[in-house]
Amino acid sequence: MSRLASLPSLVGSGRAAFARHGFLAVVGLAIVGFAVANPSFLSLANLVNIVSGAVIPLIVGLAMTLVVALGAIDLSVGVALDFGSAFAIVALKDYGVPWYLAVAIGIAGGTLVGVVNALVVVRFRVSAFLGTLGVFFIGGSLQRIFTNGGGPISFRRLPTEYYDLAVGDLYGIPIRILIAAALVVGYFLLLERSALGRKIHAVGQQSRAARVAGLPVGAIVAFGFVCAGATAAVGGLIASANLRMFTPLAGNAYLMDAIAAVFIGASMHRDGRPNVPGTLTGVLFLAMVANGLNLMGLDFNLKDALSGVILVAALAFSVIQHRRRT
435 MSRLASLPSL VGSGRAAFAR HGFLAVVGLA IVGFAVANPS FLSLANLVNI VSGAVIPLIV
495 GLAMTLVVAL GAIDLSVGVA LDFGSAFAIV ALKDYGVPWY LAVAIGIAGG TLVGVVNALV
555 VVRFRVSAFL GTLGVFFIGG SLQRIFTNGG GPISFRRLPT EYYDLAVGDL YGIPIRILIA
615 AALVVGYFLL LERSALGRKI HAVGQQSRAA RVAGLPVGAI VAFGFVCAGA TAAVGGLIAS
675 ANLRMFTPLA GNAYLMDAIA AVFIGASMHR DGRPNVPGTL TGVLFLAMVA NGLNLMGLDF
735 NLKDALSGVI LVAALAFSVI QHRRRT
């Protein structure tokens, strides 16, 4: 009888534990399932492939983390990525500039998108959602006009140094991973270990209170959008170096994954705020799911459906964890 009497409490504690660690449970089940379906999933080569493939989504996710930390959203990060790619490739192909100058020009292209966002949101007081949505449409249209309908601009004779941004290595470590690691460290120090980071979170949580406290809210928000545009452009440099071309509208493919990764990470934080370790976890999780489903050789449509189911489950458990903490 005593065992039967304690059964409800055991079930309740089991549910509570599952709610607390639901996201980790989903991740663990996904890893086991993919490993059983294809043993090569856990091979070192494939794990390196997962991390390497997550570089560009991570860079875009970091840009989105900064903007969401400000209490805003940036639907034009894909445009910034595309502009970074286009500016660099055109500078190399049509003007023959040195590779390092092409890198600077590409980052300037993404920064330009961030400056436009800052003007629209801060100067003209348009909501971040509508303002960046407008930039999204304008940027996409400009890309189609410039390429006469959306054709890629290829340049097979890339300088070796530029090409190495995507495929080169330093002491056996891929350069693209080193670039992403440097950005992760930089963003972590900015958002979690600096006075400016505390101001960014203050603006994101209570912009009116931050303004009353004397913080330059407009300047901080503008900085966030400009920095996000420049960061996304770095992803465009790596993408163009990898493919040796600029593909119009390619950056749009990273938008939803970046948003999902940021909110997965935010729901895992004790205060429910965007954070760099959480975004990194979210990006790696999404990359793992995509890689595992590809190894299973599923039909394209079925793969997207399963990916959506796993993502919804992970987000649901992350939200449950956050609610239990708060």
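Residue numbers 435 to 760, in this note's numbering, belong to the letters of the sequence shown in order. Every residue, glycine too, gets a C-beta built ideally from N, C-alpha and C. Just so it is clear, the structure is predicted and the values come from calculations on it, not from any experiment.
message: DSSP three-state label for A453, please.
response: As a first step, residue 453 must be located in the sequence shown, where it is residue number 19. Summary for A453: the model assigns pLDDT 49, below 50, so the residue's position carries little reliability, and this model does not support an answer.
N639, enclosing alpha helix (DSSP H) - first and last residue: Along the sequence shown, one-based indexing puts residue 639 at 205. Asn is not the amino acid found at residue 639; the sequence shown has Gln there. Residues 629-639.
- prompt: If you follow the alpha helix (DSSP H) that R610 is part of, which residue opens it and which one closes it?
  reply: Counting from one through the sequence shown, the residue named residue 610 turns up at place 176. From DSSP, the alpha helix (DSSP H) with R610 extends over 609-626.
- request: Thinking V501 and A662 are a contact (beta carbons under 8 Å), I'd like their distance in whole angstroms, please.
  value: If you number the sequence shown from 1, residue 501 lands on position 67. If you number the sequence shown from 1, residue 662 lands on position 228. Their Cβ separation, rounded to whole angstroms, is 5 Å, which keeps V501 and A662 in contact under 8 Å.
message: I'd like to know whether the C-beta atoms of L689 and L492 end up nearer to each other than 8 Å.
response: Stepping through the sequence shown from its first residue, residue 689 is reached at position 255. Stepping through the sequence shown from its first residue, residue 492 is reached at position 58. Taking 8 Å as the Cβ cut-off, L689 and L492 do not qualify as a contacting pair.
task: List the residues that DSSP assigns as beta-bridge partners of I587.
output: Walking along the sequence shown from the start, residue 587 turns up at place 153. I587 pairs with F680.
task: Can you tell me which of I490, G712, F475, G648 puts its alpha carbon nearest to the alpha carbon of L599?
output: The residue given as residue 599 occupies position 165 in the sequence shown. Nearest of I490, G712, F475, G648 to L599, Cα basis: I490.
message: Quick check: what's the CA-CA separation for A520 versus I613?
response: As a working mapping, residue 520 is identified with position 86 in the sequence shown. As a working mapping, residue 613 is identified with position 179 in the sequence shown. About 20 Å.
message: The alpha helix (DSSP H) that contains L546, what's its start and end?
response: Position 112 of the sequence shown, counted from the first residue, corresponds to residue 546. First-last of the alpha helix (DSSP H) with L546: 533-552.
message: As an exercise, report each continuous alpha helix (DSSP H) stretch of at least 4 residues that is fully enclosed by the stretch 677-752, in chain order.
response: Qualifying alpha helix (DSSP H) stretches, in chain order: 689-702, 710-729.
message: Can you tell me whether L604 is helix, strand or coil according to DSSP?
response: Position 170 of the sequence shown, counting from 1, holds the residue named residue 604. In this structure, L604 counts as strand in the three-state DSSP scheme.
- prompt: Using a beta-carbon distance below 8 Å, is G487 in contact with chain D?
  reply: Looking for chain D here will not work: only one protein chain is present.
query: Below 8 Å between beta carbons: does that hold for G540 and L683?
result: Taking the first residue of the sequence shown as 1, we reach residue 540 at position 106. Taking the first residue of the sequence shown as 1, we reach residue 683 at position 249. Here G540 is not near L683, since their CB atoms are 8 Å or more apart.
- request: Below 8 Å CB to CB, which residues in the same chain sit around R678 once its five sequence neighbours on both sides are set aside?
  value: By 1-based counting over the sequence shown, the position of residue 678 is 244. The residues are S588, F589, R590, L592, Y597.
task: Please classify A647: does DSSP put it in a helix, a strand, or coil?
output: Sequence index remark: in the sequence shown, residue 647 carries index 213 (1-based). Coil.
task: Could you pull out every residue in the same chain whose Cβ sits closer than 6 Å to the Cβ of F697, ignoring the five residues on either side in sequence?
output: Within the sequence shown, residue 697 is the residue found at index 263, counting from 1. Counting only Cβ-Cβ distances below 6 Å, and skipping sequence neighbours, we find nothing.
field: Of the residues A695, F558, G706, L546, the one placed nearest R758, counting alpha carbons only
entry: Counting from one through the sequence shown, the residue named residue 758 turns up at place 324. Cα-wise, what sits closest to R758 is G706.
message: What does the alpha-carbon distance come out to for the pair V416 and F580?
response: Nothing about residue 416 can be read from this structure; the chain reaches only from 435 to 760.
task: Could you tell me whether the Cβ atoms of F457 and G726 are closer together than 8 Å?
output: The residue labelled residue 457 in the question sits at position 23 within the sequence shown. The residue labelled residue 726 in the question sits at position 292 within the sequence shown. Not closer than 8 Å, so no.
message: Can you check which of these residues, N480, F468, V494, is closest to V717 by C-alpha distance?
response: Walking along the sequence shown from the start, residue 717 turns up at place 283. Considering only alpha carbons, the answer is V494.
query: To the nearest angstrom, how far is it from the Cα of L729 to the Cα of V470?
result: Translated into the one-based positions of the sequence shown, residue 729 becomes position 295. Translated into the one-based positions of the sequence shown, residue 470 becomes position 36. For L729 and V470, the distance between alpha carbons rounds to 11 Å.
message: Looking only at its chain, what residues have a beta carbon closer than 8 Å to the beta carbon of L749, apart from the 5 residues adjacent to it on each side?
response: In the sequence shown, residue 749 corresponds to position 315, counting from 1. Cβ within range, chain order: A694, F697, I698, S701.
- request: With a threshold of 16 other CB atoms inside 10 Å of the CB of R610, please say whether the residue is buried or exposed.
  value: Translated into positions along the sequence shown, residue 610 becomes position 176. That one is buried.
- prompt: Using the beta-carbon count (16 or more within 10 Å), is N483 buried or exposed?
  reply: One-based indexing of the sequence shown puts residue 483 at position 49. Exposed, since its Cβ has fewer than 16 Cβ neighbours within 10 Å.
Pairwise C-alpha distance: V637 and L671: Locating residue 671 in the sequence shown gives position 237, counting from the first residue. Locating residue 637 in the sequence shown gives position 203, counting from the first residue. Answer to the nearest angstrom: the Cα atoms are 31 Å apart.
- prompt: Got a sec? Which residues, its chain only, sit under 7 Å from I634 by beta carbon, not counting five neighbours each side?
  reply: Reading the sequence shown from its first residue, position 200 is the one you call residue 634. Counting only Cβ-Cβ distances below 7 Å, and skipping sequence neighbours, we find A503, L504, L625, I654, G658.
message: Once the 5 residues before and after F563 are set aside, which same chain residues still bring their CB inside 6 Å of it?
response: Taking the sequence shown and counting its residues from 1, the one referred to as residue 563 is at position 129. Excluding sequence positions up to five before and after F563, its CB lies within less than 6 Å of the CB of I507, all in the same chain and listed in chain order.
query: Just reading off the alpha helix (DSSP H) that V499 is part of, what are its end residues?
result: Translated into the one-based positions of the sequence shown, residue 499 becomes position 65. First, the amino acid is wrong: residue 499 is Thr here, not Val. It spans 489-503 - the alpha helix (DSSP H) in which T499 sits, taken as one unbroken run.
message: How far does the alpha helix (DSSP H) with L564 in it extend, from its first residue to its last?
response: Taking the sequence shown and counting its residues from 1, one reaches residue 564 at position 130. Start and end: 562-580.
message: Need the endpoints of the alpha helix (DSSP H) that G530 sits in, please.
response: Position 96 of the sequence shown, counted from the start, is the residue given in the question as residue 530. It is not in any alpha helix (DSSP H) - G530 carries neither H nor E in the DSSP assignment.
- request: Give me the Cα-Cα distance between V746 and R578, rounded to the nearest whole angstrom.
  value: Position 312 of the sequence shown holds residue 746. Position 144 of the sequence shown holds residue 578. Taking the straight line from one Cα to the other gives about 33 Å.
P405 burial status per 10 Å Cβ neighbour count (16 or more: buried): The question about residue 405 has no answer here: the residues shown for the chain are numbered 435 through 760.
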